[in-house]
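J.: Shown below is the structure under consideration.
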Amino acid sequence: MSEDMVTFIVDDIELQAPKGSMLIRATDKAGIHIPRFCYHDKLSVAANCRMCLVEVEKAPKPMPACATPIMEGMIVHTRSESAILAQKSVMEFLLINHPLDCPICDQGGECELQDLSVSYGGDTSQYSDVKRVVFDKDIGPLIQTELTRCIQCTRCVRFGEEIAGMRELGMTDRGDRAVIGTFIEKSVDSEMSGNVIDICPVGALTAKPSRFSGRAWEMQQHAAVSPHDSTGSNLFIHTLGGKVNRVVPRENESINEVWISDRDRFSYQGLYADDRAIKPMMKLKGEWVEADWNSVLQYAVDGLKLVAENNSADELACWISPNATLEEHYLAQKMLRGAGSHNIDHRLRQTDFTDQLFAPVMPWLGGEIDAIEDLEAVLLVGSNVRKEQPLIAHRIRKAFNHHQAKVSTVNPRKFEQCFDTAHELISSAQGMVNNLAGIAKAVGVEQASISSLIHDAATDSAHQSIAEELKAAGEAATIFMGNIAIQHPQFSILRILASAIAKHTGATLAYLPEAANAAGAWLAGSVPHRAGGGVALESPGSHMAQMLAAPKKALIMFNIEPEYDVANPALAMNAVDGADFKVVINNYATEAMKEYADVILPLSAFTETSGTYVNATGAWQSFNGAAMPLGESRPGWKILRVLANMMGIEGFEYMSSEEVRNDVKAQCREIQLDNSLSTDSQFGDIVSDKGLQRVGDVSIYAVDSLVRRSTPLQLTKDADRNYAAINSTLAGKLKLEQGDKVTITQSGHTEFTDIRIDDALADDCVWLAGAEELSLQMAAPCSPIELEKA
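Quick note on my numbering: the sequence shown kicks off at 353 and runs consecutively.
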């Protein structure tokens, strides 16, 4: 027997477990159930509830299994008379003040207290005094409090401190006056706050959007995958009457453990928005007409063919959402290429395509998600990772907590993280390039293609420290390229610098794809220079920037709103207006779409279709539809298949999404994922940062059309991004104070707004987030902007 293992006996069964393990963890692994409320496998031990009391021979009294380390030769009884008496006594105490709310409680039917009270509760109580009442607090639009039900297990408190990294909830007072709350009157704002709903063992914290809407036993459960970020969090969708009623996490230790972000949990509230597209429509003589699918599809086909005949097939283009399924991406590019065009792109928010021929076959994470928590050094380049990829940020937090990982950032502003940072290099867009070049110089990079850039870079102690930390960590270091880097006008330079640093330090270069299937889109061929399976094309089509600069005559827009989803909305709407024929395939039919589109085809939402997402690690995760399609909406793969059939394009005999997926998979069998760049990789011109520069990301609750329509998410603090901000240094130069009225001008468009002062920003930078009302007619971030006092 290993010295690290001890032998002990539980209920006459001999067990072995690692030395120092807590008894409850060892019994769980052995399949011996001990009741508990405060214990949670992912949280620290609190031993608050005492429900897990067991008899340990030679101990003077019952011991809490969650806080009792196992010892060699220990003999434990979990079902003895002493243990059962202790557990029943604890249950009686817990029920003293718990209200008889089961018939109206949302937790009813899946409540841990309800389940255990059947086994350990009595039919009478010795307590005859008045039960206590706790007044509920409003802690935001996502979580409903019923604090009279609370049993003070403190799971929610420990979750905030240990998992979310924000101590938002705590316990005040003591004894029978103890109350869970936010200390001062404020909302709970963590992007992972909804997980307290799952871990609360009673109905004290429940989901506010689905309150009183259904009973647990009335709902159907369906496995699904998150449609938002590239983590690919596993979900369960609960439906009632064919409609989505709530979303909860599905355990997958290697991806999301047992957690999900609030974006994944509450975005379903946008599924049934008032502007949901439910009937196929076509515009005849300036008027919208609803018709049957066959008529509208034929009208779309005739319009696309007419443009191709009058011009050329190269005038056909497709802008497709990176959140589309693998099957939708594959069929869209196959249809377009079958029609004679390669003008398709999913990289709607990218602006620099200089090195796309040298890009990886699929930009990916460079390893497994659960391996992140073992890192010793992390460099975040252009990433607000906590909001972009909440579950990735959680893993970085674990690396910081468990291995004291050194985390450094290169960003245009200081973001609030859920882990401590060793160095934060905050600068303008061009300053980000200079800072990364400074790190490369400190590392000792010698590469001909970037030698002048590195030679001219200035270095300081921060650059040196970051270089030393990356070198010291070696293979236990990762450089993450985030959304801001990918959307940077000099992304190609950032990428080649990051690649060179990774190569010279032994670190891993990792991309954080911005959307649920941005990785899969590459494999499916939703780029103009590669077909399915990453096969390079001899004659590439136009990438997104080229299609904005030289608009095509016919445009298919698949599940996007160009004014929100394209980096440069001003150019995007010019390109849309410049097209002669526009086909919109979307979950929604907005007033804006009705202004510019010729055809609107109602698309089934992610909960209403089968499909596959490829996450940042390259994991293929397929799912089936969970809810009934709304109205006459249809799955995207079916719409594209029929469109191609009606256009006379061969190879579209698919009868299921599984057939499409298998076709793509067959083309990807030989692919080897590799983020390293060739030393011959090209990069764009250096962009001047003279004058004021606009910087900004896209809010966690503005990244796609579904979250933008989720009312609960839009009421959160994180959704408040429709403003302009500068730091106090720039405010002093411009003689501005907090709340002053200003004008902001970009690309000839001017907006009036109040200014906010935020010293997290770099000098000479104006913060203006994308996909917000203020920026809908502006140019792309990281470009010149004018700001004046109104």
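Using N, Cα and C, we set each Cβ at its ideal position, and we do this for glycine too. It should be emphasised that the depicted structure is a prediction, and the values quoted were computed from it without experimental measurement.
1) In terms of residues, what are the limits of the alpha helix (DSSP H) holding P1064?
2) Is the beta carbon of A837 less than 8 Å from the beta carbon of S760?
3) Roughly how many angstroms lie between the CA atoms of S962 and L955, to the nearest whole one?
4) Tell me where the alpha helix (DSSP H) around C508 begins and ends.
5) Let me confirm a value: P1133 is counted as buried when at least 16 other C-beta atoms fall within 10 Å, else exposed. Which label applies?
6) Taking the continuous alpha helix (DSSP H) assigned at E433, which residues delimit it?
7) Mind listing, in chain order, the continuous alpha helix (DSSP H) runs of no fewer than 4 residues lying wholly within the segment 626-711?
8) Alpha carbons only, please: which of F487, G461, E444 and S480 is nearest the one belonging to Y472?
9) Suppose the cutoff is 8 Å on Cβ atoms and the five residues either side in sequence are ignored; what does the same chain contact list for M353 look like?
10) Restricting to runs no shorter than 4 residues, where is the alpha helix (DSSP H) found entirely within the segment 908-965?
11) Can you tell me whether Y1053 is helix, strand or coil according to DSSP?
12) For A665, which of G690, K410, M518 and Y651 has the nearest alpha-carbon?
13) Which first and last residues belong to the beta strand (DSSP E) in which V548 is found?
14) Give me the residue from D1070, N449, S1051 and G460 with the minimum Cα distance to S477.
15) Note the first and the last residue of the continuous beta strand (DSSP E) segment covering W972.
16) Does the segment 718-726 come within contact of the segment 918-935, defined as at least 3 CB pairs closer than 8 Å?
17) Applying the criterion that 16 or more other CB atoms from any shown protein chain within 10 Å of the CB defines a buried residue, is K560 buried or exposed?
18) Compare the beta carbon distance of F710 and Q1034 with 8 Å and say whether it is the shorter of the two.
19) With distance defined between alpha-carbon atoms, name the residue in I551, G1043, E679 and D490 nearest to F910.
20) Taking N869 as part of the beta strand (DSSP E), name the residues at either end of that continuous run.
21) Rounded to whole angstroms, what's the CA-CA distance from Y1053 to L1067? Just pull it up for me.
22) Could you give the first and the last residue of the continuous alpha helix (DSSP H) run that contains L521?
23) Looking at the secondary structure, which residues open and close the alpha helix (DSSP H) in which M899 lies?
24) Express the C-alpha separation of A978 and F771 in angstroms, rounding to a whole number.
25) Quick one: Cα of E1011 to Cα of D707, how far?
26) Quick one: what does DSSP say S1009 is sitting in, helix, strand or coil?
27) Where do the N-terminal and C-terminal ends of the beta strand (DSSP E) with R402 fall, by residue?
28) Taking DSSP as the reference, what is the three-state secondary structure of M353?
29) Quick check on S1135: does DSSP put it in helix, strand or coil?
30) For R699 and L557, I'd like the C-alpha separation in whole angstroms.
31) Please report how far the alpha carbon of L1082 lies from the alpha carbon of D1115, in whole angstroms.
32) Looking at I1023 and G885, is the spacing between their C-beta atoms short of 8 Å?
33) For Y1159, is the classification buried or exposed, using 16 other Cβ atoms within 10 angstroms of its Cβ as the cut-off for buried?
34) List in chain order: all unbroken alpha helix (DSSP H) runs of 4+ residues lying wholly within the segment 562-616.
35) Quick check: the Cα distance between H856 and V795, rounded to an integer number of angstroms?
36) Ignore the nearest five residues each way along the sequence and tell me which others in P1136's own chain have a CB closer than 6 Å to its CB.
T.: According to the structure shown:
1) Looking up residue 1064 in the sequence shown gives position 712. Where P1064 is concerned, the enclosing alpha helix (DSSP H) stretches over T1063 to Q1066.
2) For the purposes of this step, residue 837 is taken as the residue at position 485 of the sequence shown. For the purposes of this step, residue 760 is taken as the residue at position 408 of the sequence shown. No, these two residues do not count as a Cβ contact at 8 Å.
3) In the sequence shown, residue 962 corresponds to position 610, counting from 1. In the sequence shown, residue 955 corresponds to position 603, counting from 1. Roughly 13 Å separates the two Cα atoms.
4) Translated into positions along the sequence shown, residue 508 becomes position 156. Element bounds for C508: R507 to F511.
5) Counted from its first residue, the sequence shown places residue 1133 at position 781. It counts as buried.
6) For this step, residue 433 is matched to residue 81 along the sequence shown. It spans E433 to I448 - the alpha helix (DSSP H) in which E433 sits, taken as one unbroken run.
7) Whole alpha helix (DSSP H) segments, 4+ residues: 645-662 and 678-690.
8) To locate residue 472, count along the sequence shown from 1; it is residue 120. Measuring from the Cα of Y472, the nearest candidate turns out to be E444.
9) Residue 353 sits at position 1 when you count from the first residue of the sequence shown. Note that M353 has pLDDT 48, beneath the 50 cutoff, so the model's placement of it is unreliable and the number below is only indicative. Closer than 8 Å at the Cβ level, and outside the excluded window around M353, lie T359 and Q368.
10) Runs of the alpha helix (DSSP H) inside the segment 908-965: 914-917, 921-930 and 943-948.
11) For the purposes of this step, residue 1053 is taken as residue 701 along the sequence shown, with counting starting at 1. Reduced to three states, the DSSP call for Y1053 is coil.
12) Here residue 665 refers to the residue found at position 313 of the sequence shown. Minimum Cα distance to A665 is reached at G690.
13) Counting from one through the sequence shown, the residue named residue 548 turns up at place 196. From DSSP, V548 is part of no beta strand (DSSP E) but of the alpha helix (DSSP H) over N547 to I551.
14) Indexing the sequence shown from 1 puts residue 477 at position 125. Among D1070, N449, S1051 and G460, the Cα nearest to that of S477 is on N449.
15) By one-based count along the sequence shown, residue 972 stands at place 620. Here the beta strand (DSSP E) through W972 covers W972 to F975.
16) no
17) Looking up residue 560 in the sequence shown gives position 208. Around the CB of K560, 16 or more other CB atoms lie within 10 Å, so the residue is classed as buried.
18) By one-based count along the sequence shown, residue 710 stands at place 358. By one-based count along the sequence shown, residue 1034 stands at place 682. Yes.
19) Translated into positions along the sequence shown, residue 910 becomes position 558. Checked all of I551, G1043, E679 and D490; the closest Cα to F910 is E679.
20) Here residue 869 corresponds to residue number 517 of the sequence shown, with the count starting at 1. Per DSSP, N869 belongs to no beta strand (DSSP E) and is neither H nor E.
21) In the sequence shown, the residue the question calls residue 1053 occupies position 701. In the sequence shown, the residue the question calls residue 1067 occupies position 715. Y1053 and L1067: Cα-Cα distance of roughly 10 Å.
22) On the sequence shown, residue 521 is found 169 positions in, with the first residue counted as 1. Neither: L521 is in no alpha helix (DSSP H) and is coded neither H nor E.
23) By 1-based counting over the sequence shown, the position of residue 899 is 547. Residues M896 to A901.
24) Locating residue 771 in the sequence shown gives position 419, where the first residue counts as 1. Locating residue 978 in the sequence shown gives position 626, where the first residue counts as 1. If I take the Cα positions, the gap works out to 36 Å.
25) The residue labelled residue 1011 in the question sits at position 659 within the sequence shown. The residue labelled residue 707 in the question sits at position 355 within the sequence shown. So the alpha carbons of these two residues sit roughly 33 Å apart.
26) The residue labelled residue 1009 in the question sits at position 657 within the sequence shown. Three-state DSSP puts S1009 in a helix.
27) In the sequence shown, residue 402 corresponds to position 50, counting from 1. For R402, no beta strand (DSSP E) segment is defined, and its DSSP state is neither H nor E.
28) Taking the sequence shown and counting its residues from 1, the one referred to as residue 353 is at position 1. For M353, the predicted structure reports a pLDDT of 48, less than 50, and the residue's modelled location is therefore unreliable. A value from the coordinates is still provided. Per DSSP, reduced to three states, the secondary structure at M353 is coil, with no helix or strand assignment.
29) Start at 1 with the first residue of the sequence shown, and residue 1135 comes out as number 783. Reduced to three states, the DSSP call for S1135 is strand.
30) Here the question's residue 699 lines up with position 347 in the sequence shown. Here the question's residue 557 lines up with position 205 in the sequence shown. So the two alpha carbons sit approximately 39 Å from each other.
31) Residue mapping note: residue 1082 aligns to position 730 of the sequence shown, counting from 1. Residue mapping note: residue 1115 aligns to position 763 of the sequence shown, counting from 1. Taking the straight line from one Cα to the other gives about 6 Å.
32) Here residue 885 is taken as the residue at index 533 of the sequence shown, counted from 1. Here residue 1023 is taken as the residue at index 671 of the sequence shown, counted from 1. Their beta carbons are under 8 Å apart, which means G885 touches I1023 by this criterion.
33) It is not possible to answer for residue 1159, since the shown part of the chain is limited to 353 through 1142.
34) none
35) For this step, residue 856 is matched to residue 504 along the sequence shown. For this step, residue 795 is matched to residue 443 along the sequence shown. Rounded to the nearest angstrom, the two C-alpha atoms are 7 Å apart.
36) Working through the sequence shown from its first residue, we reach residue 1136 at position 784. Hits under 6 Å: G1043.
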